[in-house]
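Structure first, then comments.
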């Protein structure tokens, strides 16, 4: 019995093997962590989905809108005395500090999204540029912002920020769910529900849907298209700013000039998986992608597999259902 | 009106989340105190080491003469995520060169630095530059195993002797290079020493091994795994640049391991240890020389207090003369990991120049037959370029500082 329990030495060059016992053993912790990541992906995915719904544009620079929010979180909290160690602050002080960081991150991301729209996309729209040009501009803008950050902050990651010590809240099947996971998932879902209600019920939301469905008719009906587009970018930015706070909460040392890239790609994948342009799709896609990645890496016995597994599943789903799981429907008011 | 609703719900969400987090923070320290490791061994720090009495020093006899163009070079990281190890080394070299040039007015050796960022993919450029400068007759570097592997052939082709003060992957000396010399023990020595330290002095029963994907991490992971035998509770791999380790950490928690050995560099080890402690791990964290740096403590914060290190490096800070002279070069910073190894490696080359070995070929054969004490240990290489009888030192984190705890694995 004992020799069987001893794992293979890590150097063993065996090809892919499935470690089912390990998945069973770690199933619940993988689930909870996967949902936590999924919630963060979903918040960022909303930014892709909304812009795509309105402009049919894949805003690849959205990952940089997100990373600017992360920097805002880090700068705010560092200047308030937070660092890698658990802060020794009272209850109210921590709440106030984190609220401040959240607000500043939302503001920073929203401002970045606003500027991005004004500087990179609006001039193109004025000249009626073809859609491909928008896409290339988006990629260019993404790199530009990344390397501006690189010039200012250099290649090293920012110092880790511990916001609070995660506290065990529930015990589910022997696996502990901590406060951090609960906070992130619940807050992210509330924000997404709020966004969905906003889009389906409010006047501006109706405007967003109208522009998504048919920009020209919407303009004729008195919708201010330019205002709607800017609003869409800003909403995406605000949500990315919130995602930034949760991301730093989850991965305290993940803030780096290129740190938004992979997360951005995954959030975009989440949006596509759920059905791009569909607000509920972003939530579903995000959570699924988080779960699949986490299960996959444990099943394959190696942390290096998360992204590979997530994208393989994405490709498979899209082969069977090219429009994504829930379909694309921002314009058709299902949202 | 609806917009107001949205803002209200957003605010509610934010408040709720922050309330929860704040509660968490309040109760945190208590849980930590009660579940704290009670059976943790405390190994006392040592405050002095023996220095070989006849150690060769860079100043020599003061009568050396050499052409004004004679150049030694450092090739290795000056920037990049693991730059601090490189900085420790070239400050050590700089000190040796300064002492040599101050004592020898007739022989002013030029010192040049080439930045590889510690990256195997970027190292070939700067190394090609080094070897194509005819005045450069000896090199100290490269610090990391991956970049050493990528560039060993370039040195070999140009017959340029180079002493690595820190690359420990055992495979490096198996490439048939005649110009490569290693100024410290390799991981075939460090791995078993680390395993013995874990299960012996630290009393670990179940060790979880995590290795990164670098040549160094893989090589050391392999030798440590083999030496741990039945005490290995599980193992996993992480990627260079990885930021989130939650999946690995849940595996560690579920395996009920009482110690973790991390085979890699501090850039990943610091967030790893921080997240590990955050999840409530109360065992010991042991890591090798690639992690032993103040940057690890800076980046991991309080979490680093559970850390021990193994290192085939000598605690240069315990040699008073060296430490005080070093601080003048480094602007007040204490000698770090591999500072003294860099100093000793430079001394080997400088003593060759002083003895009239002022071409690449002469200096290479000087190093081959070298058999003298340095400040940190005795230097004599075998035919492959490995040192004979190196020691492995243990270190631990105490009051946010790395302190030596004496030789381990003996």
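Protein chains in written order, with our numbering: chain U, -19 to 315; chain L, 141 to 550.
Beta carbons: idealized from backbone N, C-alpha and C, even for Gly.
Next item on the list: Output the boundary residues of the alpha helix (DSSP H) element that contains residue 345/L.
Entry: First-last for residue 345/L: undefined, no H or E at that position.
Next item on the list: Specify whether the segment 223 to 240 of chain U and the segment 409 to 429 of chain L touch according to this definition: at least 3 beta carbon pairs, one from each stretch, less than 8 Å apart.
Entry: Short answer: they touch.
Checklist line | Assigned secondary structure, residue 109/U (DSSP; H/G/I helix, E/B strand, else coil) | finding: Under the three-state reduction of DSSP output, residue 109/U falls in the coil class, being neither helix nor strand.
Check: How would you label residue 41/U, buried or exposed, when you count the other beta carbons within 10 angstroms and need 16 or more for buried?
Finding: With a threshold of 16 other beta carbon atoms within 10 Å, residue 41/U meets it and is buried.
Next item on the list: Please list the partners that residue 63/U has in chain L, where partner means a Cβ-to-Cβ separation under 7 Å.
Entry: Chain L residues near residue 63/U: 441.
Next item on the list: Check whether the Cβ of residue 414/L lies closer than 8 Å to any Cβ atom in chain B.
Entry: Here the protein chains are U and L, and chain B is not one of them.
Next item on the list: Could you work out which residues of chain L lie near residue 233/U, taking near to mean beta carbons separated by less than 8 Å?
Entry: Contact note: residue 233/U reaches chain L through 383, 410, 411, 414 and 439, using a C-beta cutoff of 8 Å and chain order.
Next item on the list: Report the residue from 251/L, 431/L and 454/L whose alpha carbon sits nearest the alpha carbon of residue 209/L.
Entry: Out of 251/L, 431/L and 454/L, 251/L has the C-alpha closest to the C-alpha of residue 209/L.
Check: In this structure, does DSSP put residue 376/L in helix, strand or coil?
Finding: Of the three classes helix, strand and coil, the one that applies to residue 376/L here is strand, per DSSP.
Check: Which value, in whole angstroms, describes the spacing of the CA atoms of residue 61/U and residue 310/L?
Finding: Going by the C-alpha atoms only, they are around 44 Å apart.
Notebook entry, point to check: Can you tell me the Cα-Cα spacing of residue 140/U and residue 411/L, whole angstroms?
Noted result: Linking residue 140/U to residue 411/L through their CA atoms gives a straight-line distance of about 7 Å.
Next item on the list: Give the residues from the segment 192 to 224 of chain L that approach chain U closer than 9 Å (Cβ to any Cβ), ordered along the chain.
Entry: Along the segment 192 to 224 of chain L, the positions whose C-beta sits under 9 Å from a C-beta of chain U are 219, 220, 221 and 223, read in chain order.
Notebook entry, point to check: Is the number of C-beta pairs between the segment 254 to 269 of chain L and the segment 291 to 305 of chain L that are closer than 8 Å three or more?
Noted result: Yes, they touch.
Notebook entry, point to check: beta strand (DSSP E) containing residue 189/L: first to last residue?
Noted result: Where residue 189/L is concerned, there is no enclosing beta strand (DSSP E), given that its DSSP letter is neither H nor E.
Next item on the list: Name, please, each residue of chain L whose Cβ falls closer than 9 Å to the Cβ of residue 204/U.
Entry: Against chain L, a Cβ distance below 9 Å from residue 204/U picks out nothing, because the smallest value is about 15 Å.
Next item on the list: Look up residue 302/U in the DSSP assignment and say whether it is helix, strand or coil.
Entry: Coil.
Note to self: Out of 249/L, 183/L, 248/L and 218/L, which one is the CA nearest neighbour of residue 283/L?
What the structure shows: In terms of CA proximity to residue 283/L, 218/L leads the group 249/L, 183/L, 248/L and 218/L.
Check: Any chance the segment 320 to 335 of chain L sits against the segment 252 to 260 of chain L, with 3 or more Cβ pairs inside 8 Å?
Finding: Output reads no: the segment 252 to 260 of chain L does not touch the segment 320 to 335 of chain L.
Next item on the list: Check each residue of the segment 11 to 42 of chain U: if its Cβ is closer than 7 Å to any Cβ of chain L, include it; give the result in chain order.
Entry: For the segment 11 to 42 of chain U, which is checked against every Cβ of chain L, the residues closer than 7 Å are 13.
Next item on the list: Please report the residue range of the alpha helix (DSSP H) in which residue 504/L lies.
Entry: Per DSSP, the continuous alpha helix (DSSP H) segment holding residue 504/L begins and ends at 500 to 508.
Next item on the list: Count the other C-beta atoms from every protein chain shown that fall within 10 angstroms of the C-beta of residue 496/L, then say buried if there are 16 or more, exposed otherwise.
Entry: Exposed, by the Cβ-count rule.
Next item on the list: Would you grab the beta carbon distance between residue 524/L and residue 313/L for me? Rounded to a whole angstrom, and I think it's under 8 Å.
Entry: The Cβ separation is near 4 Å, so the contact holds.
Margin query: Just to confirm before moving on: does the CB-CB distance between residue 206/L and residue 528/L stay below 8 Å?
Written below: Not in contact: residue 206/L and residue 528/L (Cβ atoms no closer than 8 Å).
Check: For the segment 438 to 519 of chain L, which segments carrying the alpha helix (DSSP H) assignment without a break, of at least 4 residues, lie completely within its bounds, in sequence order?
Finding: Qualifying alpha helix (DSSP H) stretches, in chain order: 460 to 469, 479 to 494 and 500 to 508.
Check: Beta-carbon separation of residue 52/U and residue 214/U under 8 Å?
Finding: Against a cut-off of 8 Å, the Cβ pair of residue 214/U and residue 52/U comes out as no contact.
Next item on the list: Buried or exposed for residue 266/U, please, with buried defined as at least 16 other CB atoms from any protein chain shown within 10 angstroms of its CB.
Entry: Here residue 266/U is buried: its Cβ has 16 or more other Cβ atoms, across all protein chains shown, within 10 Å.
Check: Which of the three DSSP states, helix, strand or coil, is assigned to residue 529/L?
Finding: DSSP places residue 529/L outside both helix and strand once states are collapsed to three, so it counts as coil.
Checklist line | Assumed close pair residue 212/L, residue 237/L - CB separation to whole angstroms, cut-off 8 Å | finding: Taking the Cβ atoms as the reference, residue 212/L lies roughly 7 Å from residue 237/L, within the contact range of under 8 Å.
Note to self: So residue 277/U contacts chain L; which residues on that side make the cut at Cβ distance below 8 Å?
What the structure shows: Residues of chain L passing the Cβ test: 387.
Checklist line | Cα-Cα separation, residue 489/L to residue 432/L | finding: The alpha-carbon atoms of residue 489/L and residue 432/L are separated by roughly 27 Å.
Check: Given 8 Å as the limit, is there contact between the segment 21 to 41 of chain U and the segment 201 to 220 of chain U, that is, 3 or more CB pairs closer than that?
Finding: Yes, the segment 21 to 41 of chain U is in contact with the segment 201 to 220 of chain U.
Next item on the list: Say whether the segment 7 to 20 of chain U touches the segment 267 to 275 of chain U, bearing in mind that this needs 3 or more beta-carbon pairs closer than 8 Å, one atom from each stretch.
Entry: Flag = yes, the segment 7 to 20 of chain U and the segment 267 to 275 of chain U touch.
Check: Which of the residues in the segment 46 to 74 of chain U, read from start to end, lie with their CB under 9 Å from any CB of chain L?
Finding: Of all residues in the segment 46 to 74 of chain U, 63, 64, 65, 66, 67, 68, 69, 70, 71, 72, 73 and 74 have a Cβ within less than 9 Å of some Cβ in chain L.
Note to self: DSSP has residue 538/L in a bridge; who is on the other side?
What the structure shows: Answer is 541/L, bridged to residue 538/L.
Checklist line | Cβ of residue 1/U within 8 Å of any chain L Cβ | finding: Chain L contact via Cβ: absent.
Next item on the list: Check each candidate in 515/L, 532/L, 516/L and 508/L and name the one with the smallest Cα separation from residue 317/L.
Entry: Closest by alpha carbon: 508/L.
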